[in-house]
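*Asks:* Letter by letter, the sequence shown follows residues 1040 to 1452 in our numbering.
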Amino acid sequence: MRIDLVTPPFAGHLHPLLSIGSHLAGLDIRVRVLTTDKGQKAVAAAGLEGIGLLPGHDETVEAIANPPHQVKTNPLRLARQLESNLNLMKGLQEELRSLWLADRPDLVLVDSVLPVAGWLALAMGIPWWTSVASPCAIESRTGTPSYLGGWMPATGWLSAWRDRLGRRGIRIFKSLVAWRYRTQFDQLGLPSIYRADGTEAVYSPEKILALGLREFEFERDWPASLEFIGYPRGAPGFGAPLPPIQDDRPHILVSLGTHLLWAKDRALALIVDLAERLPGVVFHFSRGLPGGTRQEMTGRVLVCDYIPYDQCLSNYRAVLFHGGSGLLYSCLFHGIPMMVWPHDYDQFDHAARIVHHGLGARLKLSPQDAVQQIQFLLSDESTQRRLHHFRGISRKHAPLERVGELILKRAAR
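1. Would a C-beta distance cut-off of 8 Å place residue 1446 and residue 1165 closer than the cut-off?
2. Per the contact definition of three or more C-beta pairs closer than 8 Å, is the segment 1258-1268 in contact with the segment 1071-1087?
3. How many whole angstroms separate the CB atoms of residue 1293 and residue 1310, which I take to be in contact at a CB cut-off of 8 Å?
4. Tell me which residue opens and which closes the alpha helix (DSSP H) that residue 1408 is part of.
5. My parser needs the alpha helix (DSSP H) runs of 4 or more residues fully inside the segment 1278-1327; what are they?
6. Pop quiz: residue 1258 and residue 1182 are said to be a contact at Cβ under 8 Å. What is the actual Cβ separation, rounded to whole angstroms?
7. Please name the residue in 1435, 1161, 1209 and 1159 whose C-alpha comes closest to that of residue 1373.
8. Hey, out of 1296, 1133, 1179 and 1121, whose CA is closest to residue 1216's CA?
9. Roughly how many angstroms lie between the CA atoms of residue 1464 and residue 1233, to the nearest whole one?
10. Under 8 Å: do the segment 1332-1340 and the segment 1426-1435 share three or more Cβ pairs, one atom per stretch?
11. Please confirm if the segment 1246-1261 is in contact with the segment 1337-1348, defined as three or more CB-CB distances below 8 Å between the two stretches.
12. Excluding sequence positions up to five away, which residues of its chain have a Cβ less than 6 Å from the Cβ of residue 1202?
13. Less than 8 Å between the CB atoms is what I'm expecting for residue 1362 and residue 1390, so what's the real figure, rounded?
14. Is the segment 1147-1154 close to the segment 1165-1176, with three or more CB pairs under 8 Å?
15. Along the chain, where does the alpha helix (DSSP H) containing residue 1079 start, and where does it finish?
16. Quick one, which of 1440, 1085, 1047 and 1133 has its alpha-carbon nearest residue 1097's?
17. Report back the beta-carbon spacing between residue 1295 and residue 1279 to the nearest angstrom; my notes put them in contact at under 8 Å.
18. With DSSP run on the structure shown, which of helix, strand or coil describes residue 1343?
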């Protein structure tokens, strides 16, 4: 059996699929990872076969996904981002078509941000599954919608109406955008962004692997094809040295992920300030540069090019981060309290869920307030009890084994 994994080169999308691919390869399944040249180093580090996509376009891809400003819910910025993306996707489909005509896979597992690969697979009669690292992004008929700044769950009739209007507004906005770019979507094999049953056509109708925990999400409905499998851990370390744990003082990991370059200097300035106000706490700041090995002191903060958190997270007493899925689920796995500083995309929704479940706090940007928040998180027993509960839930899942089981079951049909 052969499976192709199709993903962009960005850590939050690529790394979970690499963990899945490595496990599948151990089951004597031939796995290829189709991503851009930028992602090939991580593919090689995982010991998998990689095939480069969109040669010469890594800078363009990076500019789309990592703009020098916030996108949030700004409709014009979202539309421009989509237009730039669509301009690349026709070429991507042609590359995939040539690959699959020459060497047809038995199944393609496609990251949710590249549905064009799934549409092509369906058109060619190849089974298509979706992996999604942010299940909250999937539309629902009930519950609190996402991508609206991090709404909390409804608590009465007024907020229930807010949710209803929010869900309706999202659907109208997406429909208008799809109409505006209908020619491009039609060329990519998507006559409508919604199926007859109302589900979104960007996700597989057969299987959606939700990389997360249902218990972490707000109460709502989910597509019938969706299954929560837990979050695959084991991101490549790229040979980065582990930061030293100096003494018995509490250490805090600080990370804004591998994107958000425009925000990191501001974040570092805040952390340097907090370190001066909290001499009893040690801060390690990751710049999110895979492959980098530098470690240097800035004030009282150890600044590292890259911290392979999957290898050392248990050394930390708390994490201050942007709300990305990978570090979030590692914190749940280890029971680490979280201070969230959301900047864009799904991060506001993750922050809302962390606060709602009592697993941490949303960072207050006043240094005095932030100091109090950190001191509280490091000592609050109720937060630790709730983290212990989610730690148990997280460890009940075996995401890699479950994916292998599902794929082998499908192959036996």
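C-beta: ideal position from N, C-alpha, C; glycine also.
What you are looking at is a predicted structure, and each value in this text was computed from that prediction instead of being measured.
*Replies:* Quick answer:
1. no
2. Judged by pairs of C-beta atoms under 8 Å, the segment 1071-1087 does not touch the segment 1258-1268, as fewer than three such pairs exist.
3. 5 Å
4. 1406-1418
5. 1300-1316
6. 6 Å
7. With distances taken between Cα atoms, residue 1373 lies closest to 1435.
8. 1121
9. The structure shown does not extend to residue 1464, since the chain is modelled only from 1040 through 1452, so no value can be given for it.
10. Judged by Cβ distances under 8 Å, the segment 1332-1340 makes no contact with the segment 1426-1435, as fewer than three pairs qualify.
11. no
12. 1183 and 1193
13. 5 Å
14. The segment 1147-1154 makes contact with the segment 1165-1176, as at least three CB pairs between them are under 8 Å.
15. 1079-1084
16. Closest option to residue 1097, Cα to Cα, is 1047.
17. About 16 Å separates the two Cβ atoms, so there is no contact after all.
18. strand
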